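Peer 1: Heads up: the protein sequence lines correspond to chains G and Z, in order. Under the numbering used here, the first residue of the first sequence carries the number 1, and numbering increases by one thereafter. Under the numbering used here, the first residue of the second sequence carries the number 263, and numbering increases by one thereafter. Quick reminder that beta carbons are idealized off the backbone N, C-alpha and C, glycines included. From a predicted model like this one, the values you see are computed outputs, not experimental measurements.
2 protein chains.
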Amino acid sequence: MAVEPGRHVLITGAGGIVGTVLRRALRERYSLRLITRHPMDEPVEGNEEWCPADVADYAALRPAFQGIDAVIHLAASASPESAWADVLPANIVGAYNVLEAARDAGVGRVVFASSTHAVGMYYRDARQKAFALDEDERIDEHADPRPDSYYGASKVFGEALARYYHDEYGIAVICLRIGFVTPTADADFQPMRDVARADDPELMSSAIWLSHRDCAQLFERSLLTTTDWAVVYGTSDNARQVWDLGSARRLLNYQPQDHAPE
Amino acid sequence: MAVEPGRHVLITGAGGIVGTVLRRALRERYSLRLITRHPMDEPVEGNEEWCPADVADYAALRPAFQGIDAVIHLAASASPESAWADVLPANIVGAYNVLEAARDAGVGRVVFASSTHAVGMYYRDARQKAFALDEDERIDEHADPRPDSYYGASKVFGEALARYYHDEYGIAVICLRIGFVTPTADADFQPMRDVARADDPELMSSAIWLSHRDCAQLFERSLLTTTDWAVVYGTSDNARQVWDLGSARRLLNYQPQDHAPE
Chain G
1 MAVEPGRHVL ITGAGGIVGT VLRRALRERY SLRLITRHPM DEPVEGNEEW CPADVADYAA
61 LRPAFQGIDA VIHLAASASP ESAWADVLPA NIVGAYNVLE AARDAGVGRV VFASSTHAVG
121 MYYRDARQKA FALDEDERID EHADPRPDSY YGASKVFGEA LARYYHDEYG IAVICLRIGF
181 VTPTADADFQ PMRDVARADD PELMSSAIWL SHRDCAQLFE RSLLTTTDWA VVYGTSDNAR
241 QVWDLGSARR LLNYQPQDHA PE
Chain Z
263 MAVEPGRHVL ITGAGGIVGT VLRRALRERY SLRLITRHPM DEPVEGNEEW CPADVADYAA
323 LRPAFQGIDA VIHLAASASP ESAWADVLPA NIVGAYNVLE AARDAGVGRV VFASSTHAVG
383 MYYRDARQKA FALDEDERID EHADPRPDSY YGASKVFGEA LARYYHDEYG IAVICLRIGF
443 VTPTADADFQ PMRDVARADD PELMSSAIWL SHRDCAQLFE RSLLTTTDWA VVYGTSDNAR
503 QVWDLGSARR LLNYQPQDHA PE
């Protein structure tokens with residue numbers, strides 16, 4: 001079922017880069033309940049409510065799910081450099097806690113922020129073609145899992161657990177394998193060495209860039225769709241492309257407006 | 263690299279059903295180091311050595327990996343009914359600990375006991391055809407993950423993490439999605455309601471049965487092969503079949519000798 005404007009949306013990890021983009025994009029039209037471990041930089045506005053909680057702590061998390069129509073699950077230790085000791089509680093226990101709390105509270109739709117790092121080894125391979133694959137070479141969501149990190153492996157787990165909750169309990173879940181969102185404004189974006197693995201050329205981030213407005217659109221389309229299960233890639237319409245955006249366009253009506261500067 | 267007779271093989275979960283089958287099959291030809299949490303029913307024989315340890319405890323586990331040529335990782339909370347509280351330490355932390363200890367100790371080959379429950383929802387669907395799919399309908403190892411349980415989701419994770427260790431560190435890993443092994447002797451096998459989900463008919467276990475000698479062959483071929491990455495299904499040559507055994511035959515030279523009685 002589509003989650004229309006006016007409904008109640010819970011966002012975990014609401015203090016992060018993507019969380020901040022989504023707050024600004026959605027808070028005029030949705031009632032937002034924001035979950036973070038730490039106080040947020042951006043103060044809470046009219047339709048927003050802040051619930052401090054750690055996603056690794058089920059007892060602390062569960063009450064916030066009451067009366068919620070959709071969950072956007074962003075909270076994670078979200079770097080391919082993240083250590084296992086961080087990934088285990090934040091990403092693995094966190095994914096279970098969020099899905100289980102959603103089930104227990106009767107939430108009908110979950111949007112799960114997965115990552116291209118779930119299949120990041122294909123990306124490393126694409127370096128040989130400067131990350132510009134022909135359309136018929138691009139990696140789609142049915143490719144075998146090939147994580148490039150503990151972080152990536154945790155996202156494979158989160159997607160699989162979400163599929164179980166969908167198949168077993170009927171919860172609608174959209175898994176978005178999102179790329180790189182610029183920490184500040186889109187205008188600040190430049191291909192950056194520091195977002196890539198040390199051995200990657202600078203142009204890497206041009207091929208995974210997801211602009212703020214495309215990011216907001218992608219998540220909002222994931223609320224508004226009637227599609228009840230999907231794994232899709234989320235980048236802008238970049239000239240260099242490794243991932244097949246076909247399912248995002250087809251299943252979610254995602255229409256990226258931006259492309260990375262070269 | 264193939265792990266030939268005479269080499270040192272560590273088996274986790276060596277006290278379980280599959281572990282006992284493998285001990286009997288391999289101990290004449292390999293030196294076995296057996297890891298269990300609890301004392302084993304079957305006493306240690308000539309080429310066997312017992313190291314008590316919990317796979318969830320890295321510090322206790324790591325020393326046993328010294329001087330090992332291949333690891334067979336069986337230890338798990340291994341039921342589709344297993345609670346998350348059991349699956350998390352035994353299967354998820356356990357998979358990490360075993361792969362990380364193998365990497366740290368320079369072990370070249372890991373055989374990971376995955377499970378058909380990683381894709382068990384396809385199996386549920388196959389009930390409509392009495393679990394007897396035509397060859398071209400059978401589920402292969404490239405099908406999207408569709409776990410039927412926390413147990414199944416943990417196996418998706420273990421396979422993904424193993425792929426990461428293979429791609430990143432070059433460790434050879436064979437993931438065996440094994441079916442149902444009879445707890446006592448093969449002759450005792452009968453299709454059993456109690457191994458199936460409550461809503462499954464009795465014939466379910468006829469389609470996932472893996473005889474003791476086929477089980478032993480499958481694992482031994484996984485040691486002897488030069489294939490350095492594979493996910494394959496492991497059942498006997500049953501009349502009712504849901505899984506595509508083609509890759510097991512092709513990549514591991516697995517040649518099942520048995521089929522389930524009907």
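If the cut is a Cβ gap below 7 Å, which residues of chain Z does Ala161/G touch?
Peer 2: This sequence places Leu at residue 161/G; Ala is not what is there. Ala415, listed in chain order.
Peer 1: CB-CB under 8 Å to Ala460/Z, same chain, minus the five flanking residues each way: which ones, in chain order?
Peer 2: Annotation note: pLDDT 43 at Ala460/Z (below 50); position unreliable, coordinate value reported separately. Once the five neighbours on either side are set aside, Ala460/Z has no close Cβ partner at all.
Peer 1: Does the Cβ of Tyr431/Z have 16 or more other Cβ atoms within 10 Å, making it buried, or fewer, making it exposed?
Peer 2: It counts as exposed.
Peer 1: Does DSSP classify Glu202/G as helix, strand or coil?
Peer 2: Low per-residue confidence applies at Glu202/G: pLDDT is 49, beneath 50, and the placement is therefore not dependable, though the value from the model is reported in the following sentence. Helix.
Peer 1: My output table needs one value for Ala332/Z: the three-state DSSP class, helix, strand or coil.
Peer 2: In the structure shown, Ala332/Z sits in a strand (DSSP, three-state: E or B).
Peer 1: Using a threshold of 7 Å, state whether the C-beta atoms of Arg240/G and Ala132/G are closer than that.
Peer 2: Yes, Cβ-Cβ distance for Arg240/G and Ala132/G is below 7 Å.
Peer 1: Between which two residues does the beta strand (DSSP E) holding Tyr495/Z run?
Peer 2: Start and end: 491–496.
Peer 1: For Ala526/Z versus Gly356/Z, is the C-beta distance shorter than 7 Å?
Peer 2: Look at the range of chain Z in this structure, 263 to 524, and you will see that residue 526/Z is not part of it.
Peer 1: Could you say which of Thr298/Z, Pro267/Z, Ser509/Z, Val494/Z lies nearest to Ala287/Z if we only look at CA atoms?
Peer 2: The residue with the shortest Cα to Cα distance from Ala287/Z is Pro267/Z.
Peer 1: Could you pull the start and end residues of the alpha helix (DSSP H) that Ala375/Z belongs to?
Peer 2: From DSSP, Ala375/Z is part of no alpha helix (DSSP H) but of the beta strand (DSSP E) over 371–377.
Peer 1: Report yes if the CB atom of Tyr412/Z is closer than 7 Å to the CB atom of Val493/Z, and no otherwise.
Peer 2: It is not a contact, given that the beta carbons lie outside the stated cut-off.
Peer 1: Along the alpha helix (DSSP H) that carries Ile279/Z, what are the first and last residues, could you check?
Peer 2: That run of the alpha helix (DSSP H) goes 279–288.
Peer 1: Please report how far the alpha carbon of Arg400/Z lies from the alpha carbon of Tyr385/Z, in whole angstroms.
Peer 2: Distance between the alpha carbons of Arg400/Z and Tyr385/Z: 10 Å.
Peer 1: Expressed to the nearest angstrom, what Euclidean distance is found between the alpha-carbon atoms of Leu507/Z and Ala405/Z?
Peer 2: Each residue's Cα considered, the two are about 13 Å apart.
Peer 1: Please state if the CB of Leu74/G and the CB of Asn97/G are separated by a distance shorter than 7 Å.
Peer 2: Taking 7 Å as the Cβ cut-off, Asn97/G and Leu74/G do not qualify as a contacting pair.
Peer 1: Grouping DSSP H, G and I as helix and E and B as strand, with all else coil, what is Ala64/G?
Peer 2: Helix.
Peer 1: In chain order, what residues of the same chain have a beta carbon less than 7 Å from the beta carbon of Ala469/Z, not counting five sequence neighbours either side?
Peer 2: The residues are Phe393, Asn500, Arg502, Gln503, Val504.
Peer 1: Nearest to Asn91/G by CA position, among Glu42/G, Phe112/G, Ser31/G, is which residue?
Peer 2: Considering only alpha carbons, the answer is Phe112/G.
Peer 1: CA-CA distance, Gly106/G and Pro63/G?
Peer 2: One C-alpha to the other measures close to 12 Å.
Peer 1: Nearest chain G C-beta to Arg408/Z closer than 7 Å, yes or no?
Peer 2: So yes, Arg408/Z belongs to the interface.
Peer 1: Should His270/Z be listed as close to the ligand MN, given that the test is whether its C-beta is under 6 Å from any heavy atom?
Peer 2: Of ligands this structure carries none, so the ligand MN is not represented either.
Peer 1: Classify Gly13/G as buried or exposed, calling it buried when 16 or more other Cβ atoms lie within 10 Å of its own Cβ.
Peer 2: It is buried - the Cβ of Gly13/G has at least 16 other Cβ atoms within 10 Å.
Peer 1: Please list the partners that His404/Z has in chain G, where partner means a Cβ-to-Cβ separation under 9 Å.
Peer 2: The contacting residues are His142, Ala143, Asp144.
Peer 1: Does the beta carbon of Tyr506/Z come closer than 7 Å to any beta carbon on chain G?
Peer 2: The sequence as given places Asp at residue 506/Z; Tyr does not occur at that position. No, Asp506/Z does not count as interfacial toward chain G.
Peer 1: Work out the CA separation of Phe65/G and Gly158/G for me, nearest whole Å.
Peer 2: Spanning the two alpha carbons is a distance of roughly 19 Å.
Peer 1: What does Asp429/Z reach in chain G if we use C-beta pairs closer than 9 Å?
Peer 2: Under the 9 Å cutoff, chain G gives Met121, Arg124, Arg146, Pro147, Asp148.
Peer 1: Any idea if Glu141/G is buried or exposed, counting beta-carbon neighbours within 10 angstroms, 16 or more meaning buried?
Peer 2: With 16 or more Cβ atoms within 10 Å of its Cβ, Glu141/G is classed as buried.
Peer 1: Select from the stretch 489–522 of chain Z all residues with a C-beta closer than 9 Å to any C-beta belonging to chain G, and list them in chain order.
Peer 2: Answer in chain order: Val493.
Peer 1: So is Glu45/G buried or exposed if we call it buried at 16+ other beta carbons inside 10 Å?
Peer 2: The residue is exposed, with fewer than 16 neighbouring Cβ atoms inside 10 Å.
Peer 1: Under 8 Å between beta-carbons, which chain G residues line up against Val418/Z? List them in chain order, please.
Peer 2: Going along chain G in sequence order, the residues near Val418/Z (Cβ under 8 Å) are Pro145, Val156, Phe157, Ala160.
Peer 1: Have a look at Ala248/G, Phe180/G, Tyr254/G and flag the residue whose alpha-carbon is nearest the alpha-carbon of Ala78/G.
Peer 2: The residue with the shortest Cα to Cα distance from Ala78/G is Phe180/G.
Peer 1: Taking the beta carbon of Pro409/Z as the centre, do at least 16 other beta carbons fall within 10 Å, making it buried, or is it exposed?
Peer 2: Pro409/Z should be labelled buried.
Peer 1: Apart from the five residues on each side of it in sequence, which residues of its chain come closer than 7 Å, Cβ to Cβ, to Leu423/Z?
Peer 2: Ala357, Tyr358, Leu361, listed in sequence order.
Peer 1: Kindly list, in the order they appear in chain G, the residues whose Cβ is closer than 7 Å to that of Ile401/Z.
Peer 2: Simply none; closest approach about 13 Å.
Peer 1: From Arg29/G to Glu397/Z, what does the alpha carbon distance come to, in whole angstroms?
Peer 2: Cα to Cα, Arg29/G sits roughly 51 Å from Glu397/Z.
Peer 1: Per DSSP, what kind of secondary structure is Gln517/Z in: helix, strand or coil?
Peer 2: If DSSP states are grouped into helix, strand and coil, Gln517/Z belongs with coil.
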